[in-house]
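Numbering (this note's numbering), first residue to last: 7 to 105. Report on the following structure.
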């Protein structure tokens, strides 16, 4: 929820790739404020599930990358992005983020 609110407040275009977690289409997305997708229409794109991460990050319009510090994301970010922000989920990722 905080990421969504931050993206809205920042006011810049974005692509947000999230892990697909819904069990069915009627289940409410608890991490997404109600009406967020409609508010951000034309400003942002939310992709649920797999996305061509390297292709997206290699685009000249991408100014930064926020990652969970997984191995592939860290390597791809180092290859393509000027700015990387690491937000770790588990202890193994903390060590990678610091390197």
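In this text, a Cβ means the ideal position worked out from N, Cα and C, and glycines have one as well.
At what residues does the beta strand (DSSP E) containing residue i begin and finish?
i	result
residue 22	20 to 24
residue 60	No beta strand (DSSP E) contains residue 60, which is instead part of the alpha helix (DSSP H) from 59 to 63.
Bridge partners of residue i, per DSSP?
i	result
residue 73	92
residue 54	24
So the candidates are the options; which of them puts its Cα closest to the Cα of residue i?
i	options	result
residue 14	25, 37, 49 and 26	49
residue 62	23, 17, 8 and 18	23
residue 19	70, 40 and 41	70
residue 41	87, 83 and 7	7
residue 12	78, 67, 54 and 72	72
residue 55	82, 25 and 74	25
residue 74	82, 36 and 17	82
residue 68	87, 59 and 80	87
residue 52	77, 38 and 80	38
residue 46	16, 36, 58 and 77	16
residue 76	66, 64 and 91	91
residue 84	66, 60 and 93	60
residue 21	57, 36 and 44	57
For the alpha helix (DSSP H) that residue i lies in, which residues bound it at each end?
i	result
residue 48	Unbroken run through residue 48: none, as it is neither H nor E.
residue 8	8 to 16
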